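The letter at position 72 of the sequence shown is residue 231 when you use this note's numbering, and the numbering goes up by one with no holes. Written below as C-alpha cells is the structure these notes are about.
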Amino acid sequence: MLRPGLVWWVRYQYGATLPERYRDWVLHDGTCRTWVLRVLVRGLVQIAPLAAVLFVGLGLLGGSWPIAAGAMLLGVLVVVRIALTNSVDGVDARLVKHGFPPGHGSGVRRRRDVAAAERYAAVWRREPSDQ
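Here's what the structure looks like:
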C-alpha cells in the first residue's frame, strides 16, 4: 500500500482526488479501525488556517485574546460535531470519488466489526463447563 506524500495528503484532506496508485491507501483511510479519528483530523486540518487567521486578527491585532481563544474553541467544537455527524456519509462519498461502489466503506467496516464480534464471542462467551 502506497501512502501519499505530504502535499498529496494535504490536498486529499481538502477534498482532492488522489491518483490511482493511492487507491488502496484511500480504502484503508476510510475503513481502518481509526477511521473516525482520521475524520476528526481531516476536519481540524481543514479549519486550522481559518482559525489561525481569526486568532491573529481577533486576538493579536487589537482585540481580546481570551475572547478570540474562546471563539476558536467554539469553532473547533462545531467542526468536531459536524465531522462526526457526517463521518459515515463523508467517507463513503470520498470512496465513491476514488472509484469504489457506493456504500463500500460501510460494508467493509461492517464485515470487520462482525468478524471482531465473532472472535470475541468465541473467546469470552463460551458456555461454562460442568465440573
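Note that CB positions come from ideal geometry on N, CA and C, so glycine has one too. If you're wondering where the values come from, they're calculated on a predicted model, not measured in any experiment.
| Query | Result |
| --- | --- |
| Test item: CB-CB of D248 and G262 under 8 Å | no |
| C-beta atoms of R162 and W194 nearer than 8 Å | no |
| R197 beta carbon less than 8 Å from that of D188 | yes |
| C-beta atoms of K256 and T190 nearer than 8 Å | no |
| Beta-carbon proximity check, Q172 vs V212, cutoff 8 Å | no |
| Test item: CB-CB of V166 and G202 under 8 Å | no |
| I226, buried or exposed, once every other Cβ within 10 Å from all chains shown has been counted against 16 | exposed |
| Buried or exposed by the 16-neighbour rule on C-beta atoms within 10 Å, applied to A242 | buried |
| Contact check, G218 vs A228, beta carbons under 8 Å | yes |
| Alpha-carbon spacing of M275 relative to V235, whole angstroms | At residue 275 the sequence reads Ala, which differs from the Met that was named. If I take the Cα positions, the gap works out to 33 Å. |
| Rounded separation between N245 and S265 - CA only | 13 Å |
| C-beta contact flag for L199 and L254 at 8 Å | no |
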